[in-house]
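Presented below is the structure to which this report refers.
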Amino acid sequence: YHVPYDGFYYSVPYSFYHRSVCIHAYAKKIEIYDEIGNRIAIHERRRSGKRYVTSIDHMPENHKAVVEFNNYNGHYYRQRAAKIGNDTFIFVKTLLESVDFEEQAYKSCMAVINFSRTYGNNRVNKACKKALELHSVNYTTLKNILKNGQDKQPANNTADADTPTPYHENLRIGEWM
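If you use our numbering, the sequence shown corresponds to residues 682 to 858, in order.
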């Protein structure tokens, strides 16, 4: 969806890909018209620098998604995680803070957010809560919790852990310790 002119490539709306267009070149701008004379694009004329001049509005949706992905930052991931749930927000925030540079966690953050497509917001949020309780905030732990359905299991009851073991003959106490 780019047309060549004087060694540079100027974008047109992707719906005009492989269609005839007319280029009007001026000292400071390039105007591109369709077959019937409607202006479909206007760009600053380049004489040096990057060879491709692209307007995001001209891109097909899948190309826009790539550009947007490359523009994501920690703020974006925190916002998206907050929409899934509070535990997901805390999980993603912890992921971002656990690395030297936030960018190192972006791929994991995107995976956490994408889990909501497969498993739904509720399950992802519960899985994040479980991972936080386990002090294991990473992609692999979250993936395994969801894959194995551990987010569906009731939380461990801490009262059970405090219940003493019943006395029986194999129990060594007192001087045996």
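All C-beta atoms, glycine included, are put in the ideal place defined by N, C-alpha and C.
Please read these numbers as outputs of a predicted model, since none were measured by experiment.
Simplified DSSP assignment, three categories, for residue i
{"i": "Ser-797", "result": "helix"}
{"i": "Ala-706", "result": "strand"}
{"i": "Tyr-695", "result": "helix"}
{"i": "Pro-734", "result": "In the sequence on display, residue 734 carries Val and not Pro. In this structure, Val-734 counts as strand in the three-state DSSP scheme."}
{"i": "Val-773", "result": "helix"}
{"i": "Gly-830", "result": "coil"}
{"i": "His-756", "result": "helix"}
{"i": "Met-740", "result": "coil"}
{"i": "Asn-802", "result": "helix"}
{"i": "Val-747", "result": "helix"}
{"i": "Ser-701", "result": "coil"}
Selection from the options that minimises the alpha carbon distance to residue i
{"i": "Tyr-707", "options": "Lys-807, Asp-715, Asp-687, Cys-790", "result": "Asp-687"}
{"i": "Glu-716", "options": "Lys-731, His-724, Tyr-698, Arg-728", "result": "Tyr-698"}
{"i": "Asp-768", "options": "Asp-738, Asn-802, Asn-795", "result": "Asn-802"}
{"i": "Phe-689", "options": "Asn-752, Arg-728, Cys-703", "result": "Arg-728"}
{"i": "Lys-764", "options": "Lys-833, Asn-819, Asn-806", "result": "Asn-806"}
{"i": "Tyr-820", "options": "Lys-833, Glu-742, Asn-795", "result": "Asn-795"}
{"i": "Ile-704", "options": "Pro-694, Ser-696, Tyr-695, Arg-720", "result": "Arg-720"}
{"i": "Ser-736", "options": "Leu-776, Ile-713, Asn-754, Tyr-753", "result": "Ile-713"}
{"i": "Arg-759", "options": "Glu-742, Cys-790, Gly-730, Asn-743", "result": "Cys-790"}
Per DSSP, the bridge partner or partners of residue i
{"i": "Pro-685", "result": "Tyr-690"}
{"i": "Ala-722", "result": "Ile-713"}
Rounded Cβ spacing between residue i and residue j (contact assumed at less than 8 Å)
{"i": "Arg-726", "j": "Lys-709", "result": "6 Å"}
{"i": "Val-793", "j": "Val-773", "result": "6 Å"}
{"i": "Ser-692", "j": "His-739", "result": "4 Å"}
{"i": "Leu-827", "j": "Tyr-800", "result": "5 Å"}
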